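Trainee: Let me begin by handing over the structure; questions about it come next.
Residue numbers (the UniProt record's numbering): 1 to 482.
Below is the structure:
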């Protein structure tokens, strides 16, 4: 590992927070602009193409980024050798992904030339850009200097909104807007790779680091499932709903998906620390850190769920206009994705970082199989809102499995999971009943109650107020938040 002093978890979280808020804000603006420029059918086509591009972007990684974090966290790790091997694997996977993706699209959509063209225009630049961004992001996660991640994210968001504005300024067709959209990722990826290459030597002729192959298959399958699950909706719904309905679902789904980037900041900051806590301090220290992550991510997800649930019509009308109000019912249902996904990621990270990746993979596979059935059955029966219920059902299955498969499930339930979730949904039941006609009042009271929940938890408030001052590394203790 580098001898340079690493950022603390709180400092990394801060860098990830401001960059995520800024980039998510720009991405949200891009979403609004696209939804207003494209009709619902064109937006449905774009959503299907985007789902494939994101899945293929993961296939250029195949879970090896997590293996790189694991290998780099070990004492005496030689980062240049690890990163050089990482880049070589990614280059091979990129070529294989493009060949496989082209064949798959030709096979699945032979009679739909418009959809095929949309996928190709978006896929090639975007997938390449995602691969380059992932290489640099993994490196800066490994050395725990998240401010570089902030630079990459902000560049990507700025290029993205600039590309969309150029498309609108010159009244380009949806196909060329897709090309510009993907090119923004490619440009940001080039900048990220340049920043990483300046910090560490990347030599393609160096010997291969064989440690990257250890347990790679489990990480590959799990990572693929992580990417496929959020994209499952548009891919399956394209078979059961019209492209116009897919467009409404996509608008409703992308709002909580974009907002999840904020609680996702905490996951990004905790992830490398959880690996190191397990390797250096054992199960007890790892569990304490994982419970803290669970509490903080749950609170962040809950706080973002509240306004989406109580004020869906206001949010849809303000962002997209009255013609998109049909998506507000789905948005209200999908608002619960934020709290469920926040909790699920914390539970899943707890398994991965203590060498129980196979259990996480099994749960995700079960959720994927169930999700296909949920989306087909619910969407055919109840349309767009049924598809939204399917998305929630997938997360509930994941939550149950990730908790049951964790050896520390009793401690996790008693110290974090049950108190927070029971209190949160109890508040929903009470406030929705007594303030059904005053959604703004209900939302305000709910947020106030969440603030009180954080204030009365001595672990959370103690960390946030920086009262805990013990050293970050101490025998028998976990790393502190500060």
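Even for Gly, the Cβ is constructed at its ideal location relative to N, Cα and C.
Fair warning: this is a prediction, and the values are worked out from it, not measured in the lab.
Can you tell which of 416, 152 and 335 has the C-alpha that lies nearest to the C-alpha of residue 490?
Mentor: Residue 490 is absent from the structure shown; the chain starts at 1 and stops at 482.
Trainee: Using the three-state DSSP reduction, which class does residue 261 fall into: helix, strand or coil?
Mentor: Note: residue 261 maps to helix in three-state DSSP.
Trainee: Nearest to residue 232 by alpha carbon, out of 32, 364, 308 and 166?
Mentor: Comparing Cα positions, the closest option is 364.
Trainee: Relative to the alpha-carbon of residue 247, which residue among 446, 50, 66 and 457 has its alpha-carbon at the smallest distance?
Mentor: Nearest C-alpha to residue 247: 50.
Trainee: Excluding the 5 residues preceding and the 5 following residue 376 in the sequence, name in chain order all residues of the same chain whose CB lies nearer than 7 Å to its CB.
Mentor: 236 and 240, listed in sequence order.
Trainee: How many angstroms separate the CA atom of residue 498 from the CA atom of residue 300?
Mentor: What the structure shows of the chain is the stretch from 1 to 482, and residue 498 is not part of that stretch, so it cannot be assessed.
Trainee: Taking only three categories from DSSP, how would you classify residue 398?
Mentor: It is helical.
Trainee: Please work out which residues of its chain come closer than 7 Å, Cβ to Cβ, to residue 374, disregarding the five sequence neighbours upstream and downstream, and give them in chain order.
Mentor: Excluding residues within five positions, the ones whose Cβ falls inside 7 Å are 390, 393 and 394.
Trainee: The alpha helix (DSSP H) that contains residue 49, what's its start and end?
Mentor: Where residue 49 is concerned, the enclosing alpha helix (DSSP H) stretches over 40–59.
Trainee: By the 10 Å Cβ neighbour count, where 16 or more other Cβ atoms means buried, how is residue 71 classified, buried or exposed?
Mentor: When all chains shown are included, residue 71 counts as buried.
Trainee: Quick one: what does DSSP say residue 239 is sitting in, helix, strand or coil?
Mentor: It is helical.
Trainee: May I have a chain-ordered list of the alpha helix (DSSP H) segments no shorter than 4 residues that lie completely inside the region 265–343?
Mentor: Correct list: 312–320 and 328–334.
Trainee: With distances taken between CB atoms, is the gap from residue 305 to residue 335 smaller than 7 Å?
Mentor: For residue 305 and residue 335, yes; Cβs fall inside 7 Å.
Trainee: Could you pull out every residue in the same chain whose Cβ sits closer than 7 Å to the Cβ of residue 200, ignoring the five residues on either side in sequence?
Mentor: These residues qualify, in order along the chain: 79, 80, 83 and 139.
Trainee: May I have the straight-line CA-CA distance separating residue 227 from residue 340, to the nearest angstrom?
Mentor: Computed Cα separation, rounded: 16 Å.
Trainee: What is the rounded straight-line gap between the Cα of residue 476 and the Cα of residue 282?
Mentor: In this prediction, residue 476 has a pLDDT of 33, which is less than 50 and means its spatial position is unreliable; nothing more can be read from the coordinates.
Trainee: Closer than 6 Å by C-beta to residue 52: which residues in its own chain qualify, once you throw out the five before and the five after it? Chain order, please.
Mentor: Excluding residues within five positions, the ones whose Cβ falls inside 6 Å are 119.
Trainee: For residue 203, collect the residues of the same chain with a Cβ closer than 6 Å to its Cβ; drop the 5 residues on either side in sequence, then sort them by chain order.
Mentor: Contacts found: 84.
Trainee: Going by C-alpha distance, which of 387, 396 and 307 is nearest residue 447?
Mentor: Among 387, 396 and 307, the Cα nearest to that of residue 447 belongs to 307.
Trainee: If you run the structure through DSSP and keep just helix, strand and coil, what is residue 36?
Mentor: Note: residue 36 maps to helix in three-state DSSP.
Trainee: Under 7 Å, do residue 413 and residue 431 count as touching if we go by C-beta distance?
Mentor: Their beta carbons are not under 7 Å apart, which means residue 413 does not touch residue 431 by this criterion.
Trainee: What is the residue span of the alpha helix (DSSP H) that residue 112 lies within?
Mentor: Premise fails: residue 112 is in no alpha helix (DSSP H) and is neither H nor E.
Trainee: From residue 474 to residue 445, what does the alpha carbon distance come to, in whole angstroms?
Mentor: Since pLDDT at residue 474 reaches only 32, below the 50 mark, its modelled position is unreliable, and the value read off the structure follows with that caveat. Looking at the two C-alpha atoms, the distance is approximately 41 Å.
Trainee: Would you report the Cα separation of residue 434 and residue 460, rounded to the nearest angstrom?
Mentor: Distance between the alpha carbons of residue 434 and residue 460: 30 Å.
Trainee: Leaving out five residues on either side along the sequence, give the residues of the same chain with a beta carbon under 8 Å from the beta carbon of residue 162.
Mentor: Result list for residue 162: 184, in chain order.
Trainee: Can you tell me whether residue 496 is helix, strand or coil according to DSSP?
Mentor: Absent from the model: residue 496. The displayed extent of the chain is 1 to 482, so no value can be given.
Trainee: Hey, would you say residue 303 sits closer than 7 Å to residue 252, going by beta carbons?
Mentor: In this structure, residue 252 does not lie closer than 7 Å to residue 303 by Cβ.
Trainee: Output the distance between the C-alpha atoms of residue 484 and residue 125, rounded to the nearest integer angstrom.
Mentor: As shown, the chain starts at 1 and ends at 482. That puts residue 484 outside it, with no answer to give.
Trainee: So residue 157 and residue 326 are in contact, right, with Cβ under 8 Å, and what is the actual spacing, rounded?
Mentor: Going by Cβ atoms, the distance from residue 157 to residue 326 rounds to 28 Å, so no, they are not a contact pair.
Trainee: Keeping to the same chain, check which residues put their C-beta closer than 8 Å to that of residue 349; ignore five residues upstream and five downstream.
Mentor: Excluding residues within five positions, the ones whose Cβ falls inside 8 Å are 267, 270, 271, 274, 290 and 293.
Trainee: When burial is assigned at 16 or more other CB atoms within 10 Å of the CB, is residue 424 buried or exposed?
Mentor: That one is buried.
Trainee: For residue 170, report the span of its alpha helix (DSSP H) as first-last.
Mentor: Looking at the DSSP string, residue 170 is not in any alpha helix (DSSP H), and its letter there is neither H nor E.
Trainee: Tell me where the alpha helix (DSSP H) around residue 144 begins and ends.
Mentor: It is not in any alpha helix (DSSP H) - residue 144 carries neither H nor E in the DSSP assignment.
Trainee: On the three-state DSSP scale, how would you describe residue 18?
Mentor: In this structure, residue 18 counts as helix in the three-state DSSP scheme.
Trainee: Return the CA-CA distance between residue 164 and residue 24, expressed in angstroms with no decimal places.
Mentor: Taking the straight line joining both Cα atoms gives about 15 Å.
Trainee: Who are the Cβ neighbours of residue 177 in its own chain at under 6 Å, not counting the five residues just before and after it?
Mentor: Around residue 177: 167.
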